[in-house]
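Undergrad: Residue numbers (our numbering), protein chains in the order written: chain A, -18 to 360; chain B, -18 to 360; chain C, 18 to 446; chain D, 18 to 446. We put the CB at the ideal spot given by N, CA and C, even for glycine. Next up is a structure, given as structure tokens.
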Amino acid sequence: MLIAPSEDQAIFAETTERFLVEQAPPDTLRHLRDDQAGFDRDYWRRGAELGWTSLLVDESHGGGTISGAGVVDLSLVAYEFGHHAAPGPLLATNVVAAALSEAGAAQADVLAALLSGECVATWCAPRFGERPGEWRTDVAVESDGDGVVLRGTARPVEYAAQADHFLVSGRDGDGLTQLLVPASAAGVSVEAMATVDLSRRFGAVTFDGVSIAAEGLVGARGQAAPDAERLMRYALSILNAEAVGCMQSAFDMTVEWSFNRYSFGRPLASYQALKHRFADMMTWLEGGHAISDVACAAVQANADNADELTSAAKAFIGHYGAELIHDCVQLHGGIGVTFEHDLHLYLRRLTVNRSLAGTPPEHLRRIAGLLDVRNEVAA
Amino acid sequence: MLIAPSEDQAIFAETTERFLVEQAPPDTLRHLRDDQAGFDRDYWRRGAELGWTSLLVDESHGGGTISGAGVVDLSLVAYEFGHHAAPGPLLATNVVAAALSEAGAAQADVLAALLSGECVATWCAPRFGERPGEWRTDVAVESDGDGVVLRGTARPVEYAAQADHFLVSGRDGDGLTQLLVPASAAGVSVEAMATVDLSRRFGAVTFDGVSIAAEGLVGARGQAAPDAERLMRYALSILNAEAVGCMQSAFDMTVEWSFNRYSFGRPLASYQALKHRFADMMTWLEGGHAISDVACAAVQANADNADELTSAAKAFIGHYGAELIHDCVQLHGGIGVTFEHDLHLYLRRLTVNRSLAGTPPEHLRRIAGLLDVRNEVAA
Amino acid sequence: MSALAAAEDRGTEEMEELESFRLRARAYIRANLRPMTMEELRLDYSRNDEEAELAGIAHERELQRGLFDAGLAGICFPEAYGGQGLTMAHQKVFNEEIVGHDYPRRIQVPTFSPCAAVILEFGTHEQKLRHIPAILRGDELWMQFLSEPSGGSDVAGALTTAVRDGEQWVLNGSKVWTTGAWWSDWGLCLARTNWDVPKHRGLTVFMLPIHQPNVEVHRIEMLNGSREFCQEFLTDVVVPDTDRVGEVDDGWTVGTRWMFHERMLFNSPYVTEPVGITHGSMDAGLVATVAREAGLLDDTATQERIGEARMLELVGDALSKRISESIATGTLSDQAAALVRLFKGTAQLRVNTLVFEAAGSAGAAWSGDGPSARAALNFIMRQGGAIGGGTLEMARNVISERVLAMPRERRLDKDVPFRDVPRGRPNTS
Amino acid sequence: MSALAAAEDRGTEEMEELESFRLRARAYIRANLRPMTMEELRLDYSRNDEEAELAGIAHERELQRGLFDAGLAGICFPEAYGGQGLTMAHQKVFNEEIVGHDYPRRIQVPTFSPCAAVILEFGTHEQKLRHIPAILRGDELWMQFLSEPSGGSDVAGALTTAVRDGEQWVLNGSKVWTTGAWWSDWGLCLARTNWDVPKHRGLTVFMLPIHQPNVEVHRIEMLNGSREFCQEFLTDVVVPDTDRVGEVDDGWTVGTRWMFHERMLFNSPYVTEPVGITHGSMDAGLVATVAREAGLLDDTATQERIGEARMLELVGDALSKRISESIATGTLSDQAAALVRLFKGTAQLRVNTLVFEAAGSAGAAWSGDGPSARAALNFIMRQGGAIGGGTLEMARNVISERVLAMPRERRLDKDVPFRDVPRGRPNTS
């Protein structure tokens, strides 16, 4: 998280944190395992009132930021989400709201409902292709009279069974097309998928010849590759900030534990082998904070190196974050691998974030690809 | 090294060790940096008298083993070579001698000279191909009257500039052909290459239309792929055992250092963070011994899993051996990265062995390839 | 009395020849124990099918009873207590013959070793007569009441307290990490009987039935959903003094041997262990399976992961063999077993990580119950194998201090009454 | 006197405005210092071209003299000692303007900081008058005579001894890891003046000329062939008491600040440091260069290696910035610099390994002097960056003990006369 948030940002983050501490304590999270939706609609509406859904939406469309830097503000919320392993479609809703806002408040009614928290939408995102700028998707868009028809399956889609709308980035000839598809449209079906996170839900969304009128288009046909790039940056910014929140929680719990837990008459914190591991963990933690913040700032500024930095953040936090929390588990001993302990809440969240929107190895290759492109441009 | 060598094996290993301690102490090794050949011919002849060159050669061709298991006996010599970072063409000579012996004492005079240490030969080895059983080489063999002609360059070739003969495994149509080429043959040239080892020498050997009569063939034309497989197993067995010797030397020196060196009034060996690293190092060391021995035994027995085990040994020892010696350097502090210290002698030897005949990543892929082949056979 | 001593007692002239024993064992096994692959023999606790587990236990009791009746149970236990009075060599023959067949898997450890082994070594004649034959018949399944929630790696720091009351003792406290205490019969329990002497000098060992109102067994859910482990709460559990094992306050003498038998694990002469079986296999092959599902099999990075997992498995096996032989030949002390523990524990972590990496995006969410599910659950449970059975940190301590003879860590629990040993952060508020 | 205090002394009304300073600096730089890329500015000690190095040093002395004459040397040093008496903000402006130009690179550290910084803080008026202007003119280049062969990470454990002899001191001992002592003029030397008090209470700091018969400078060859470091042997070196810095036996008061200035390194107000320059760059780009040579660029495993190296570089830069800001804003103590040290040291190791892996078989033997040669030499020298400038182990101690406030390691060198501190394994023969 930011070293020096503005006063408004600090208040904003604190308000969210207070809300989450009260609404989503660990025991509640454990119970959400058996809840089909994974979150409560009223909880989500109240979060929206706190500003969770407006940060990537232009003021003229009903949105608004805290500091003028919406991505950075959103990363503060995401950090708290990770810090408390909080439930709710933060990523899904914000990415779709951003897409609608950036397309000039396409589907203004849906956007308004997303902003108020009345309605939930999610993104059927494409996957990274071989080279930077290339995308893969298993959903195809074809012309059908004035409108289009969709065929194929997107997976995994966050909160697929809970979403009222899907933003689909589908293959359309050589390009991508973005559409908003109501969950109620004929031919749409969702099959639930399993995950290790207790509160998040995923599904495979199948479009079996789904007809969508031209009004359903979000932007021009075949031109959505840059949109996908931008939405992916938002998604990665949220995933990264969340994961850093998880790292911080696990680290803090374990430092505390190391002072309280005695073995052979001494606190764990007095054993040099463990002290040195805490030192390593702290560098990973601070490295995670640092690269997440730098990457969010670059996304906000639409900087040239925004992709490289988000990928570096995703790969670093995914790998070292998991190593950090696993080592926290190790230092807790047996209790750390039990369901009744809280540590795994953060491990679960981080584990899923690690594998969403490109695993660490995929992002490492993406960085190599970006360097390659840069060298070609330079040559 | 073997946990329970036979009495004869123990005496054999000890004799070699005594000889090396006397003939190749660290100061001598440091001076060899400036010696063009990297070893002394007389030293090598005396080593041959100790039995260094006979172990892979059939008794009927003048060879002989200690225990009946020549590969295992040779691994004892190789271990001592690594243990003392000893100079001399151990790998090169033994592999060529094995090839000549297995081809029915082809070139009996050369074989005899190799056995006595009068003459040195080396292998222009092929590299691993995409899949198990496939080979790559940049030397091509073509028919030329009754004989053949060679074109291309082999690199890196151990002791290329010092060798009197080259055993070449060259591409011949779809297969490989093995030939023995005198260093003096017209069209042969050697360009020296650089390396980090102080005593070993490497070169690139170019065959610029070198004509070789049919008698130069070692085995039938185009049929040498299985020979290459076998010779590569010998080469890997030697490289692995040597590298384990390096690990043992570095580990022993560093354990000793940790008891002797005091910091803040306590020996390094009393610091838990360091103790735990010694524990890790010891598992790698013992793991290295274990897999090297198991692999040598499998090569000796021509077992089905000999390739898988040698590759596992090569990858494990290459990676963890380097990590082990590097950590030994770290525990020595500044003095460990100076030329006047002895530690780097073992680091240099191991580093070169690690990268010869397939790097650890290449061997990992080879293991995957072998598993794949096995699964295909099973399916 | 050691297995060897038992055999010598009997006199070698009357002892069954190895070959005749082999034929007898083979005949019984082929006639009575159905063929099973290694894969089928592997225990999978993650299913959580309570009924199936109870049926499995009942089946194993029957198998054990069959062996007992055939004169094949307790090969290295003395005949006086229902065993066969044979040698480790006979047990090894049996271990060879049992390969590929069903056998009572769950009740080898900890019932035969360390529990029965400890009773055999420290129990009174009466205690042995009462329990060893019952154990060998499959009538009594035992658990170790050893670890405690407060204890971590420090088992001698037991807080469970036994207070003497005439000819009986009253126990209070909690034990944890017992596998399947809910279907076991007896617990071997380490308890503190004296708080006014240093840690190791105030412990005593007791035997107690698990199924009694004053013992509450709670099943613990692990991160992969497994509920194999239990925690027990002991409230005023009454144990007659005749169920004490070893002397009062001398429990650590028993404990030291107990730990030794625990280290021996499947190498114990009291344990049947099919040759070649692997415990907690590393599942290196899962990397390729999962990568195939994810469509990543062709990339070289995945191939390196597949190769690395297999390499670790092969080195682990080779190391295990080397260290066993080194211990057997006396080249290394039995403490060197910690090298295998550390290597395999670390390798297992790494393999679980490689599998998860190979799973690609399926690590986030998956359909069905296949390899991807296992990849993800094994990943979040990754440290389980680095904690259970002694943490890797303890293994590193053992290797550096016991094998390499480096200076021991400073302990603040020596030479002071146990009640004065710091057991938690002082209240700073 | 701190840089800030110096500035305040002078009174802000007479101080040069930042913008006018910027223009003056820019004008001088453009007119006098030739353009140089970051790559050209990077010092490469592995060449071992003695003549070129001496020429470089002579050139830097000239550059420094030019700056001095132009009123641009010692921006934060007091005017009384030849400096400009300006602020850290002025130094930052200078650091911005100097980007892309030649400047006296080698003599920033350790001459200006920590050496001149320590003299400024603890020297007498006479000492400062004698040395600071000479330093700012480029006439005196200084080295730290701090580490000792016996000392490792424990600099306060110095064995170099100074014995008082009337108005002078006689020094004997050995110092090591001085960069370029063979072309330097003066050494700032920590020596033991009292063996009968605890370690930190018997040290004193001295200044001494390096080029004198009683100081023998030996150049050390490193594993990559570099001979940048020296060891010095001091035999009966006579130092007048007037060249003592700070009080007798109070050298650790000086030493503590000395260490502080050393931690500040290139963030010191006394050091010119072009904005954006990287020290000991990780050379992440070398992975791709080497892989291209080896023909391995297309495989995904190599791509992961390229990406990993770049990732570590980017995170290192981000972390460095974050920690600097955290220290500047007081969120973290200056000890948190150890986080950057640890991260970058570890990352550098890893990058060197990745480069070597990408080199494939060229790691065994190579032709020519290109990237493959660098890959191999950097690999065998891999730990250099994890040792020099404070080991990573010390960084881990600092982070856990000073930043996380975990209990300090037990030290056997406290509260006992230094002569009684164990300094090696007792003779057991």
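Could you list the residues in the stretch 365 to 376 of chain D with a C-beta less than 7 Å from some C-beta on chain A, going in chain order?
TA: Result list empty, no residue passes.
Undergrad: If you draw a straight line from the alpha carbon of M18(D) to that of V193(D), how long is it in whole angstroms?
TA: On the fourth sequence, residue 18(D) is found 1 positions in, with the first residue counted as 1. On the fourth sequence, residue 193(D) is found 176 positions in, with the first residue counted as 1. For M18(D), the predicted structure reports a pLDDT of 41, less than 50, and the residue's modelled location is therefore unreliable. A value from the coordinates is still provided. One C-alpha to the other measures close to 30 Å.
Undergrad: In whole angstroms, give me the CA-to-CA distance for F277(C) and A84(B).
TA: For the purposes of this step, residue 277(C) is identified with residue 260 of the third sequence, where counting begins at 1. For the purposes of this step, residue 84(B) is identified with residue 103 of the second sequence, where counting begins at 1. Approximately 55 Å, taken between the alpha carbons.
Undergrad: Identify, in the order they occur along the chain, each residue of the same chain with its Cβ nearer than 6 Å to the Cβ of C277(B), setting aside the five sequence neighbours on each side.
TA: The sequence position of residue 277(B) within the second sequence is 296, counting from 1. Here the set comprises V52, V53, S56, S218.
Undergrad: Kindly indicate if chain B contains any beta-carbon less than 9 Å away from that of V193(D).
TA: As a working note, residue 193(D) is residue 176 in the fourth sequence. Yes, V193(D) lies at the interface with chain B (some Cβ there is under 9 Å from its Cβ).
Undergrad: Taking Cβ positions only, does A254(A) come closer than 9 Å to chain B?
TA: Your numbering for residue 254(A) matches position 273 in the first sequence. It does; some Cβ of chain B falls within 9 Å.
Undergrad: Between R22(A) and A106(A), what straight-line distance do the alpha-carbon atoms span, to the nearest angstrom?
TA: Counting from one through the first sequence, the residue named residue 22(A) turns up at place 41. Counting from one through the first sequence, the residue named residue 106(A) turns up at place 125. Approximately 24 Å, taken between the alpha carbons.
Undergrad: Using 8 Å as the cut-off, can you tell me whether the stretch 323 to 342 of chain D makes contact with the stretch 384 to 402 of chain D, which would need three or more C-beta pairs spanning the two stretches below that distance?
TA: At 8 Å Cβ cutoff, the stretches do not touch.
Undergrad: Mind pulling the chain D residues with CB within less than 7 Å of R427(C)?
TA: Within the third sequence, the letter at position 410 stands for residue 427(C). Ordered by position in chain D, the residues that pass the 7 Å Cβ test against R427(C) are R427.
Undergrad: State yes or no: is the C-beta of D189(A) within less than 9 Å of the C-beta of G203(A)?
TA: Residue numbering aside, residue 189(A) sits at position 208 when the first sequence is read from its first letter. Residue numbering aside, residue 203(A) sits at position 222 when the first sequence is read from its first letter. Contact flag unset, no.
Undergrad: In this structure, how does DSSP classify A390(C) when only helix, strand and coil are distinguished?
TA: Within the third sequence, residue 390(C) is the residue found at index 373, counting from 1. Reduced to three states, the DSSP call for A390(C) is helix.
Undergrad: Work out the CA separation of R419(C) and M224(C) for me, nearest whole Å.
TA: One-based indexing of the third sequence puts residue 224(C) at position 207. One-based indexing of the third sequence puts residue 419(C) at position 402. Using only the alpha carbons, I get a separation of about 31 Å.
Undergrad: Just curious, the alpha helix (DSSP H) that P137(A) is in, first and last residue?
TA: Within the first sequence, numbered from 1, the residue matching residue 137(A) stands at position 156. Careful: P137(A) lies outside any alpha helix (DSSP H), inside the beta strand (DSSP E) at 128 to 139.
Undergrad: If contacts are defined as beta-carbon pairs under 8 Å, then T196(D) and F246(D) qualify, I think. What distance do you get, rounded to the angstrom?
TA: Here residue 196(D) corresponds to residue number 179 of the fourth sequence, with the count starting at 1. Here residue 246(D) corresponds to residue number 229 of the fourth sequence, with the count starting at 1. Correct: roughly 6 Å between the Cβ atoms.
Undergrad: Just to confirm my understanding: we take G168(C), look at its own chain, exclude 5 residues before and 5 after, and list those with CB closer than 7 Å. What are they?
TA: Residue mapping note: residue 168(C) aligns to position 151 of the third sequence, counting from 1. Hits under 7 Å: G174, A175.
Undergrad: Opposite P163(A) in the DSSP bridges: which residues?
TA: Position 182 of the first sequence holds residue 163(A). For P163(A), which the question treats as bridged, DSSP gives the partners H146(A).
Undergrad: Taking a Cβ distance cut-off of 9 Å, strictly less, list which residues of the stretch 232 to 262 of chain B are near chain A, in chain order.
TA: Cβ contacts with chain A: Y252, Q253, A254, L255, K256, H257, R258.
Undergrad: Can you tell me which of the three DSSP states G45(A) falls into?
TA: If you number the first sequence from 1, residue 45(A) lands on position 64. Looking at G45(A) - three-state DSSP - the assignment turns out to be coil, as it is neither helix nor strand.
Undergrad: If you follow the alpha helix (DSSP H) that E321(B) is part of, which residue opens it and which one closes it?
TA: Here residue 321(B) corresponds to residue number 340 of the second sequence, with the count starting at 1. Per DSSP, E321(B) belongs to no alpha helix (DSSP H) and is neither H nor E.
Undergrad: Three-state secondary structure (DSSP) at P257(C)?
TA: Here residue 257(C) refers to the residue found at position 240 of the third sequence. Here P257(C) sits in strand by DSSP.
Undergrad: What does A326(D) touch in chain C if you count any residue whose Cβ is under 7 Å from its own?
TA: Start at 1 with the first residue of the fourth sequence, and residue 326(D) comes out as number 309. Neighbours of A326(D) on chain C: none; closest Cβ ~15 Å, over 7 Å.
Undergrad: Check whether the Cβ of D430(C) lies closer than 9 Å to any Cβ atom in chain B.
TA: Walking along the third sequence from the start, residue 430(C) turns up at place 413. Taking Cβ atoms only, chain B never reaches closer than 9 Å to D430(C), which makes this a no.
Undergrad: Determine, using beta carbons only, whether V415(D) and W275(D) come nearer to each other than 9 Å.
TA: As a position in the fourth sequence, residue 415(D) is number 398, starting the count at 1. As a position in the fourth sequence, residue 275(D) is number 258, starting the count at 1. Result no, Cβ atoms of V415(D) and W275(D) do not sit closer than 9 Å.
Undergrad: Buried or exposed, going by whether 16 or more other CB atoms sit within 10 Å of the CB of Q320(D)?
TA: As a working mapping, residue 320(D) is identified with position 303 in the fourth sequence. When all chains shown are included, Q320(D) counts as buried.
Undergrad: Expressed to the nearest angstrom, what Euclidean distance is found between the alpha-carbon atoms of L351(A) and E289(A)?
TA: Sequence index remark: in the first sequence, residue 351(A) carries index 370 (1-based). Sequence index remark: in the first sequence, residue 289(A) carries index 308 (1-based). Each residue's alpha carbon lies about 7 Å from the other.
Undergrad: Counting along the chain, where does the beta strand (DSSP E) carrying L220(C) start and finish?
TA: Mapped onto the third sequence, residue 220(C) falls at position 203. L220(C) -> beta strand (DSSP E) spans 220 to 226.
Undergrad: Does the beta-carbon distance from N75(A) to G441(C) come in below 9 Å?
TA: Residue 75(A) sits at position 94 when you count from the first residue of the first sequence. Residue 441(C) sits at position 424 when you count from the first residue of the third sequence. Result no, Cβ atoms of N75(A) and G441(C) do not sit closer than 9 Å.
Undergrad: Would you give the residue range spanned by the alpha helix (DSSP H) that E67(D) belongs to?
TA: Stepping through the fourth sequence from its first residue, residue 67(D) is reached at position 50. Unbroken alpha helix (DSSP H) run through E67(D): 67 to 86.
Undergrad: By DSSP, does C309(B) sit in helix, in strand, or in coil?
TA: Reading the second sequence from its first residue, position 328 is the one you call residue 309(B). C309(B) falls in the helix class under three-state DSSP.
Undergrad: Would you report the Cα separation of G347(D) and R258(A), rounded to the nearest angstrom?
TA: Position 330 of the fourth sequence holds residue 347(D). Position 277 of the first sequence holds residue 258(A). Near 25 Å, if we compare the C-alpha coordinates of R258(A) and G347(D).
Undergrad: I think E310(D) touches A393(D), with their Cβ atoms under 8 Å apart; what is that distance to the nearest whole Å?
TA: Looking up residue 310(D) in the fourth sequence gives position 293. Looking up residue 393(D) in the fourth sequence gives position 376. E310(D) to A393(D), Cβ: 12 Å. No contact.
Undergrad: Does any residue of chain D have a CB that is nearer than 9 Å to the CB of D260(C)?
TA: Residue numbering aside, residue 260(C) sits at position 243 when the third sequence is read from its first letter. So no, D260(C) is outside the interface.
Undergrad: Let me check understanding here. Comparing Cα to Cα, which of Y24(B), H65(B), S97(B), I272(B) lies closest to A78(B)?
TA: Here residue 78(B) is taken as the residue at index 97 of the second sequence, counted from 1. Measuring from the Cα of A78(B), the nearest candidate turns out to be S97(B).
Undergrad: Pull the bridge partners of V232(C) from the DSSP assignment, please.
TA: Numbered from 1 along the third sequence, position 215 holds the residue referred to as residue 232(C). Looking at the DSSP assignment, V232(C) forms a beta bridge with L251(C).
Undergrad: When we look at the beta-carbon of Q(-10)(A) and count the other beta-carbons within 10 Å, is it buried (16 or more) or exposed?
TA: For this step, residue -10(A) is matched to residue 9 along the first sequence. The residue in question, Q(-10)(A), is buried, as its Cβ has 16 or more Cβ neighbours within 10 Å.
Undergrad: Can the beta-carbon of L326(B) be found closer than 9 Å to that of G317(B)?
TA: The residue you call residue 326(B) lines up with position 345 of the second sequence. The residue you call residue 317(B) lines up with position 336 of the second sequence. No, they are not a contact pair.
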